[in-house]
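*Asks:* Structure below; questions to follow.
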Amino acid sequence: MGQIRLKFFARYAELVGAEERELSVALPATVADVVRLARDEIPGAAALPERPLAAVNLRHVRLDAPVADGDEVALLPPLAGG
Amino acid sequence: MGQIRLKFFARYAELVGAEERELSVALPATVADVVRLARDEIPGAAALPERPLAAVNLRHVRLDAPVADGDEVALLPPLAGG
Amino acid sequence: MLSKDPISPAALLAEVAAPELGGTCLFLGTVRDGPEDSGITGIEYSAYEAMAMAEVQWILGEARRRWPATRIAVRHRLGLVATEEASIGIAAAAPHRDEAFAACRYVIEQVKQRLPVWKKELRADGSVLWVDPQGRPAVVGPA
Amino acid sequence: MLSKDPISPAALLAEVAAPELGGTCLFLGTVRDGPEDSGITGIEYSAYEAMAMAEVQWILGEARRRWPATRIAVRHRLGLVATEEASIGIAAAAPHRDEAFAACRYVIEQVKQRLPVWKKELRADGSVLWVDPQGRPAVVGPA
Numbered sequence: 640m641g642q643i644r645l646k647f648f649a650r651y652a653e654l655v656g657a658e659e660r661e662l663s664v665a666l667p668a669t670v671a672d673v674v675r676l677a678r679d680e681i682p683g684a685a686a687l688p689e690r691p692l693a694a695v696n697l698r699h700v701r702l703d704a705p706v707a708d709g710d711e712v713a714l715l716p717p718l719a720g721g
Numbered sequence: 640m641g642q643i644r645l646k647f648f649a650r651y652a653e654l655v656g657a658e659e660r661e662l663s664v665a666l667p668a669t670v671a672d673v674v675r676l677a678r679d680e681i682p683g684a685a686a687l688p689e690r691p692l693a694a695v696n697l698r699h700v701r702l703d704a705p706v707a708d709g710d711e712v713a714l715l716p717p718l719a720g721g
Numbered sequence: 029m030l031s032k033d034p035i036s037p038a039a040l041l042a043e044v045a046a047p048e049l050g051g052t053c054l055f056l057g058t059v060r061d062g063p064e065d066s067g068i069t070g071i072e073y074s075a076y077e078a079m080a081m082a083e084v085q086w087i088l089g090e091a092r093r094r095w096p097a098t099r100i101a102v103r104h105r106l107g108l109v110a111t112e113e114a115s116i117g118i119a120a121a122a123p124h125r126d127e128a129f130a131a132c133r134y135v136i137e138q139v140k141q142r143l144p145v146w147k148k149e150l151r152a153d154g155s156v157l158w159v160d161p162q163g164r165p166a167v168v169g170p171a
Numbered sequence: 029m030l031s032k033d034p035i036s037p038a039a040l041l042a043e044v045a046a047p048e049l050g051g052t053c054l055f056l057g058t059v060r061d062g063p064e065d066s067g068i069t070g071i072e073y074s075a076y077e078a079m080a081m082a083e084v085q086w087i088l089g090e091a092r093r094r095w096p097a098t099r100i101a102v103r104h105r106l107g108l109v110a111t112e113e114a115s116i117g118i119a120a121a122a123p124h125r126d127e128a129f130a131a132c133r134y135v136i137e138q139v140k141q142r143l144p145v146w147k148k149e150l151r152a153d154g155s156v157l158w159v160d161p162q163g164r165p166a167v168v169g170p171a
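Protein chains in written order, with the working numbering: chain S, 640 to 721; chain F, 640 to 721; chain U, 29 to 171; chain X, 29 to 171.
Structure below.
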């Protein structure tokens with residue numbers, strides 16, 4: 640099992656009612672697996688999209704990117720900087 | 640005959656030793672005719688190029704543009720604005 | 029790079045100025061309140077700050093590799109930004125203007141695509157909307 | 029538009045600012061003193077002033093026809109401009125950044141091609157050169 644720190648921002652943080660959650664996932668796993676698990680297990684997270692933008696350890700990644708024990712996985716609403 | 644006010648700028652004014660000269664030209668005439676006459680008759684103006692940039696009444700023109708009595712004809716060194 | 033304080037164009041320009049750099053391009057993005065913006069009074073910016081800082085450094089690194097003689101400075105506001113105030117400022121100075129325009133443009137395009145920053149529109153009628161630049165804003169507050 | 033006073037970026041930005049214009053692009057051209065500039069201490073700018081004023085109005089008219097929602101301001105220095113000071117400043121504000129960049133770029137390119145302005149480089153060794161951007165500078169003073 641791997642321990643993932645899952646982060647929510649902006650509208651996603653409002654939907655989940657939190658900015659951060661710990662999640663245990665069976666490894667090997669991808670970001671998509673983490674999203675699936677989060678939507679099932681975290682209250683409010685079922686309202687998140689199935690395929691959100693995501694980052695692992697501060698870098699943009701695709702949903703098929705692998706995750707490792709200790710990773711910080713962030714789910715990002717549509718970007719609106721500038 | 641037409642009366643032309645001929646203006647010199649920057650390096651051309653230094654070569655001619657003046658910023659302005661009056662010139663009488665036989666009409667019809669073009670800017671090229673005015674330049675030819677100036678190079679022949681105005682002291683120092685022989686050092687000007689045969690085909691300088693020119694403007695008539697504040698607008699860029701080609702050397703085959705016509706001139707009329709009372710026109711202001713300016714001979715412009717290579718532009719270096721900005 | 030991320031700051032709650034107003035963006036100073038003069039500070040950005042001073043940061044990139046150098047005797048050998050003859051062309052400087054500054055871009056400012058300001059919070060609009062036009063006829064199509066239905067009474068916006070301000071925008072509340074939030075960010076994934078650690079990632080935004082890292083992402084800007086990567087973007088600046090890319091720009092410096094592409095235009096090596098260029099100096100670039102970036103500021104992005106966080107928190108409440110009132111209409112007509114700048115939410116982002118980018119200054120790029122280069123030996124010649126081509127590089128200055130290109131580097132400034134590159135940075136703003138990449139920032140828009142990559143920076144983990146979000147905005148909530150605050151409207152005169154009291155409603156609050158998360159902005160999705162690719163889609164429609166979603167009402168999340170009282171309308 | 030033509031002025032012996034230093035160019036104020038803040039004044040140019042204020043001149044074009046408007047609530048509905050979310051993107052602003054400022055260009056500054058400054059007098060360089062880089063390694064290739066052989067000890068320039070300043071540049072003396074002169075102009076055919078009446079024509080330069082008319083030409084800028086035509087250029088601005090063209091830009092406004094092409095990008096109708098845009099506000100543009102231009103300043104060009106005359107007289108002695110020291111190194112690192114701006115000789116030209118252009119600000120363009122538009123509803124979106126594409127038009128702001130395009131209008132600003134259009135104006136500087138047209139100014140460079142069309143404005144009857146000349147410059148004399150003043151060098152640390154006392155020499156003075158008229159600058160021909162298309163060719164070689166011609167020494168006209170003591171070298």
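Beta carbons are placed, not taken as given, at the ideal position from N, Cα and C, and that holds for glycine.
Strictly under 8 Å for the Cβ-Cβ distance: is Pro-688/F near chain X by that measure?
*Replies:* no
*Asks:* Can you give me the Cβ contacts of Trp-146/X inside the same chain, cut-off strictly under 8 Å, excluding the 5 residues immediately before and after it?
*Replies:* The residues are Tyr-73, Ser-74, Ala-75, Trp-158 and Val-159.
*Asks:* When you compare the CB of Pro-691/S with every CB in chain U, is at least one pair closer than 8 Å?
*Replies:* no
*Asks:* Kindly list the residues whose CB is nearer than 6 Å to the CB of Pro-63/U, restricted to its own chain and excluding five residues on each side of it in sequence; keep chain order.
*Replies:* none
*Asks:* Kindly list the residues whose CB is nearer than 6 Å to the CB of Ile-118/X, restricted to its own chain and excluding five residues on each side of it in sequence; keep chain order.
*Replies:* Phe-55, Val-102, Cys-132, Val-135 and Ile-136
*Asks:* If you check the beta carbons only, do Leu-49/X and Ala-122/X fall under 8 Å apart?
*Replies:* yes
*Asks:* Check whether the Cβ atoms of Ala-677/F and Leu-718/F lie closer than 8 Å to each other.
*Replies:* Not closer than 8 Å, so no.
*Asks:* Please decide whether Ile-136/U counts as near chain X, where near means a Cβ-Cβ distance under 8 Å.
*Replies:* yes
*Asks:* In whole angstroms, give me the CA-to-CA distance for Val-700/F and Pro-161/U.
*Replies:* 48 Å
*Asks:* In the region 139-155 of chain U, which residues sit with their C-beta less than 8 Å from some C-beta in chain S, listed in chain order?
*Replies:* Those residues of the region 139-155 of chain U that come within reach of chain S (Cβ to Cβ, closer than 8 Å) are Val-139, Lys-140, Gln-141, Arg-142, Leu-143, Pro-144, Val-145, Trp-146, Lys-147 and Lys-148.
*Asks:* Taking beta-carbon pairs under 9 Å, can you tell me which members of the region 45-74 of chain X lie near chain U?
*Replies:* Correct list: Ala-45, Ala-46, Pro-47, Glu-48, Leu-49, Gly-50, Gly-51, Thr-52, Cys-53, Leu-54, Phe-55, Leu-56, Gly-57, Thr-58, Val-59, Arg-60, Asp-61, Gly-62, Pro-63, Glu-64 and Asp-65.
*Asks:* Measuring alpha carbon to alpha carbon, tell me which of Asp-61/U, Ala-82/U and Arg-142/U ends up nearest Gly-721/S.
*Replies:* Arg-142/U
*Asks:* Under 7 Å Cβ-Cβ, which residues of chain U neighbour Gly-720/S?
*Replies:* What Gly-720/S touches in chain U: His-104, Val-139, Lys-140, Leu-143 and Val-145.
*Asks:* Straight-line CA distance for Arg-94/X to Arg-698/F?
*Replies:* Distance between the alpha carbons of Arg-94/X and Arg-698/F is about 21 Å.
*Asks:* Within 10 Å of its beta-carbon, does Leu-41/X have 16 or more other beta-carbons around it, so buried, or fewer, so exposed?
*Replies:* buried
*Asks:* Quickly, what does DSSP pair Arg-660/S with across the bridge? List them, please.
*Replies:* Leu-645/S
*Asks:* Who are the neighbours of Thr-111/U on chain X, taking C-beta pairs under 9 Å?
*Replies:* Pro-47
*Asks:* Excluding sequence positions up to five away, which residues of its chain have a Cβ less than 8 Å from the Cβ of Asp-703/F?
*Replies:* Thr-669, Val-670 and Ala-671
*Asks:* On the premise that Asp-710/F lies in contact with Leu-666/F, defined as a C-beta separation below 8 Å, what is that separation, rounded to the nearest angstrom?
*Replies:* Not confirmed; about 10 Å, so no contact.
*Asks:* Alpha carbon to alpha carbon, how far is Leu-715/F from Phe-129/U? Give it in angstroms, no decimals.
*Replies:* 29 Å
*Asks:* Could you give the DSSP three-state label for Ile-681/S: helix, strand or coil?
*Replies:* coil
*Asks:* Are Glu-113/X and Pro-37/X closer than 8 Å when you measure CB to CB?
*Replies:* no
*Asks:* Do Ile-71/U and Val-84/U have their C-beta atoms within less than 8 Å of each other?
*Replies:* no
*Asks:* Please name the residues in the region 81-108 of chain U whose beta-carbon is closer than 7 Å to at least one beta-carbon of chain B, in chain order.
*Replies:* Among the protein chains in the structure shown, which are S, F, U and X, there is no chain B.
*Asks:* Does the Cβ of Met-79/U have 16 or more other Cβ atoms within 10 Å, making it buried, or fewer, making it exposed?
*Replies:* buried
*Asks:* Are any of the Cβ atoms in chain X nearer than 8 Å to that of Leu-697/F?
*Replies:* yes
*Asks:* What does the Cβ neighbour count give for Pro-144/U, buried or exposed, with the cut at 16 atoms within 10 Å?
*Replies:* buried
*Asks:* For a contact defined as C-beta to C-beta under 7 Å, what are the partners of Ala-78/U on chain S?
*Replies:* Leu-697
*Asks:* Within the 8 Å Cβ cut-off, does Ile-116/X reach chain F?
*Replies:* yes
*Asks:* Just to check my reading of the structure: Arg-151/U and Ile-68/U have Cβ atoms closer than 8 Å, yes? What is that Cβ distance to the nearest angstrom?
*Replies:* 6 Å
*Asks:* Tell me the DSSP secondary structure of Arg-698/F in three-state form.
*Replies:* strand
*Asks:* Taking the alpha carbon of Ser-115/X as the point to measure from, which residue in Lys-140/X, Ala-91/X and Leu-88/X has its own alpha carbon closest?
*Replies:* Lys-140/X
*Asks:* Starting from Asp-160/X, find everything on chain F with Cβ-Cβ shorter than 8 Å and list it in chain order.
*Replies:* Going along chain F in sequence order, the residues near Asp-160/X (Cβ under 8 Å) are Pro-716, Pro-717 and Ala-719.
*Asks:* Report the residue from Val-109/U, Gly-51/U, Glu-149/U and Ile-87/U whose alpha carbon sits nearest the alpha carbon of Gln-138/U.
*Replies:* With distances taken between CA atoms, Gln-138/U lies nearest to Ile-87/U out of Val-109/U, Gly-51/U, Glu-149/U and Ile-87/U.
*Asks:* CA-CA distance, Asp-679/F and Gln-642/F?
*Replies:* 17 Å
*Asks:* From Glu-90/U to Ala-91/X, what does the alpha carbon distance come to, in whole angstroms?
*Replies:* 32 Å
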